[in-house]
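Residue numbers (my numbering), protein chains in the order written: chain A, 686 to 1034; chain B, 379 to 716. No residue lacks a Cβ here, since even glycine has one placed at the ideal position from N, Cα and C. Beneath this line is the structure, given in structure tokens, with notes to follow.
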């Protein structure tokens, strides 16, 4: 893999969106996923109907060629959002549009062409690979399903080409997942996501289970294939250093809602939402001797409060914040920066 | 005399074909109230080192050479009964996953009181008061309520606080924390880092922090050991070690961090995989991945292949590399790659 690309990644302009194409590749509108919680029965024997909004009214546009990172703490709903986009979970409310067409309500058969175009890489390469298949059969299987007319030779060629492309030596093909280290497995998982030549890839914490040096290898590989194949990428992560390095667009998520969307440079230099502030301040850094600043700890995620989801931890919360949920509003002075905060809207913050 | 002094520690796991040498000649010391970090990738032997300090190695692993002295007392070869008196009371341990450490069937209170009764003669009321006090130390609100709760009723950060409170129950001299914040979110992690630092300062407790995250190490420790393939390859003051790494492996670890590369630029990775513990390279264990294993004219440096380097003083720390003095004049990673 080391010899594939010696200099930096190609400049962003080359991977940017084609001119004149302003329909986002993925458009998510008012997406909501509600899970019913089974509470203890009350003495009347009636089941109380409590619910948890894992994703609560998310609006997000992802342009072609974007690398959109969704950051947030565990339990904020970022993985649920990824699953909703991929159609692995049905939304309770809201719409997902892909390439101009609504896809969230499609049945299995109608969904099929989109499954080829949209692929997913999962967090745990120990759990996401079938232990009983050799690497080659793992990679051949999707081709056999989606390209019924391909000959065995053509399928083998496609697999070998992709393996070479990802820096996997040919003898990997006959081996099984357990014979590989974490970083190598994640490379196999990436290969499996790419074998059908998708245009849109969702990666859920692809490097968080890996060691620093291996993480660098996998991130380099992801960036390289993203630019080379002009992929549109959604990466779910909690690691801000990875976001700063990798993303062209960042969405910060808190308890099921998006609180800030921005390009990474502005987000890291001048965060606007108090939660983004807190998140950046809490990041332990090695290039900064300031101590990381803690934030009041969250209570156990309660079912929906009426106001802003962050209001119980926010040092700037007012009565309005506790009563009324803020909408995601575009800032007037900066293009394409969105913040959901009453304080920012009222020009207090 | 240092509070804890480890010398020439070898740990071995007998395997069917040949023994697996998990630690080779590990030596370090810890002073009272000092916070020491241990970094390295998975498989480097960090956790084995932590477990061997309390002789909690899982079978068939055993300490086959070396000494561990705690306040001058030798711990290697000490009887299980005597060790048990030290564990928890003088040396406490915090593990990565609080859900695995806490018993899900017992309330927090039962677990804390159980720990106290195992080591001290106390009435129930005294034990309870002590437990409430410790929960207060780790900044848990409503400690009386928490004592009645089960682990699953608490959030991840709070569980880890409870584990720290249990570790503090018997006023230990050393806390060994194995990746204590890895399972937690950044904001919760920041809280725990602040808490651990404050507790160590206030109670003059020594901390051994094991982590793969240089950010956490930088925030929490004064001195750091870097481990690779079962040996310490570099040690020194944390700030110096991170900002001016001497050993090629430490340099590689620091340079691989995404923070140190401009956005959208290629990250500097360490080439090659970790060595197989059953088949580690002859000579310096890092040499197959080392960028400096050749002379300028392309001939291999023979010492790297011939013998394992020892830790030697270099700058403010100690480094195990044959060429560390010369390397200062050799261009570093980034300059050679451009």
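Start-to-end residues for the beta strand (DSSP E) that takes in residue i
i                      : result
residue 402 of chain B : 398-408
residue 695 of chain B : 695-697
residue 845 of chain A : Run containing residue 845 of chain A: none in the beta strand (DSSP E); it sits in the alpha helix (DSSP H), 837-850.
residue 454 of chain B : Taken as a continuous stretch (DSSP letters only), residue 454 of chain B belongs to no beta strand (DSSP E), as it is neither H nor E.
residue 388 of chain B : 382-391
residue 778 of chain A : 778-783
residue 756 of chain A : 752-756
residue 968 of chain A : Counting along the chain, residue 968 of chain A falls outside any beta strand (DSSP E), and DSSP gives it neither H nor E.
residue 602 of chain B : 601-606
Start-to-end residues for the alpha helix (DSSP H) that takes in residue i
i                      : result
residue 656 of chain B : Premise fails: residue 656 of chain B is in no alpha helix (DSSP H) and is neither H nor E.
residue 929 of chain A : 925-931
residue 428 of chain B : 424-431
residue 490 of chain B : 486-497
residue 682 of chain B : 680-684
residue 504 of chain B : 502-515
residue 761 of chain A : Counting along the chain, residue 761 of chain A falls outside any alpha helix (DSSP H), and DSSP gives it neither H nor E.
residue 825 of chain A : 820-831
residue 660 of chain B : No alpha helix (DSSP H) contains residue 660 of chain B, which DSSP labels as neither H nor E.
residue 545 of chain B : 534-546
residue 872 of chain A : 867-879
residue 442 of chain B : Premise fails: residue 442 of chain B lies in the beta strand (DSSP E), 440-448, not in any alpha helix (DSSP H).
Contacts around residue i, its chain only, beta-carbon distance under 7 Å, and the 5 residues preceding and following it disregarded
i                      : result
residue 687 of chain B : 662, 698, 699 and 700
residue 537 of chain B : 476, 477, 480 and 529
residue 423 of chain B : 400, 401, 605 and 608
residue 544 of chain B : 489, 490 and 493
Which of helix, strand or coil DSSP assigns to residue i
i                       : result
residue 986 of chain A  : Unreliable placement is indicated for residue 986 of chain A, whose pLDDT of 48 sits below 50; no coordinate value is reported for it.
residue 857 of chain A  : helix
residue 670 of chain B  : coil
residue 936 of chain A  : strand
residue 1026 of chain A : coil
residue 1009 of chain A : coil
residue 799 of chain A  : helix
residue 614 of chain B  : strand
residue 951 of chain A  : helix
residue 913 of chain A  : helix
residue 524 of chain B  : helix
residue 580 of chain B  : helix
residue 1001 of chain A : coil
residue 688 of chain B  : coil
residue 712 of chain B  : Unreliable placement is indicated for residue 712 of chain B, whose pLDDT of 47 sits below 50; the coordinate value is still reported in the next sentence. If DSSP states are grouped into helix, strand and coil, residue 712 of chain B belongs with the helices.
residue 942 of chain A  : strand
Same chain, Cβ closer than 8 Å to residue i, five either side skipped, listed in chain order
i                      : result
residue 986 of chain A : Legend: pLDDT at residue 986 of chain A = 48, less than 50; position of this residue unreliable, no value from coordinates given.
residue 693 of chain A : A caution first: residue 693 of chain A carries a pLDDT of 49, below 50, which makes its placement in the model unreliable, though a value can still be read off. Closer than 8 Å at Cβ, skipping near neighbours: no residue.
residue 844 of chain A : 821, 824, 825, 828, 858 and 880
residue 785 of chain A : 708
residue 796 of chain A : 772 and 788
Other residues of its chain near residue i: CB distance less than 6 Å, five sequence neighbours each side excluded
i                      : result
residue 696 of chain B : 613 and 689
residue 618 of chain B : 694
residue 560 of chain B : 474
residue 429 of chain B : 435
residue 393 of chain B : none
residue 421 of chain B : 652
residue 961 of chain A : 937 and 945
residue 933 of chain A : 751 and 752
residue 811 of chain A : none
Cutoff 9 Å: residue i Cβ touching any chain E Cβ
i                      : result
residue 923 of chain A : Looking for chain E here will not work: the only protein chains present are A and B.
Check: residue i C-beta below 8 Å from any heavy atom of the ligand NAP
i                      : result
residue 540 of chain B : You won't find the ligand NAP in this model; it holds no ligand whatsoever.
8 Å contact criterion, which residue i and residue j should meet: CB distance rounded
i                       : j                      : result
residue 712 of chain A  : residue 746 of chain A : 5 Å
residue 439 of chain B  : residue 390 of chain B : 7 Å
residue 592 of chain B  : residue 635 of chain B : 7 Å
residue 814 of chain A  : residue 870 of chain A : 6 Å
residue 1010 of chain A : residue 993 of chain A : 6 Å
residue 521 of chain B  : residue 469 of chain B : With 8 Å as the limit, residue 521 of chain B and residue 469 of chain B do not qualify as a contact, their Cβ atoms being about 25 Å apart.
residue 862 of chain A  : residue 806 of chain A : In fact, because the Cβ distance is near 15 Å, the residues do not count as touching under 8 Å.
residue 610 of chain B  : residue 448 of chain B : Incorrect: roughly 19 Å between the Cβ atoms, too far for contact.
residue 590 of chain B  : residue 896 of chain A : 6 Å
- [ ] Could you tell me whether the stretch 482-499 of chain B touches the stretch 521-534 of chain B, where touching means 3 or more Cβ pairs closer than 8 Å?
- [x] yes
TODO: Say whether the stretch 500-512 of chain B touches the stretch 570-581 of chain B, bearing in mind that this needs 3 or more beta-carbon pairs closer than 8 Å, one atom from each stretch.
DONE: no
TODO: Would you check if the stretch 414-427 of chain B and the stretch 580-593 of chain B touch, i.e. whether three or more CB-CB distances between them fall below 8 Å?
DONE: yes
- [ ] May I ask you to verify whether the stretch 947-957 of chain A touches the stretch 929-938 of chain A, counting CB pairs closer than 8 Å and requiring at least 3?
- [x] yes
Task: Contact the stretch 847-865 of chain A vs the stretch 771-779 of chain A: 3+ CB pairs below 8 Å - done: no
TODO: Examine the Cβ distances between the stretch 764-771 of chain A and the stretch 562-572 of chain B and report whether three or more of them are shorter than 8 Å.
DONE: no
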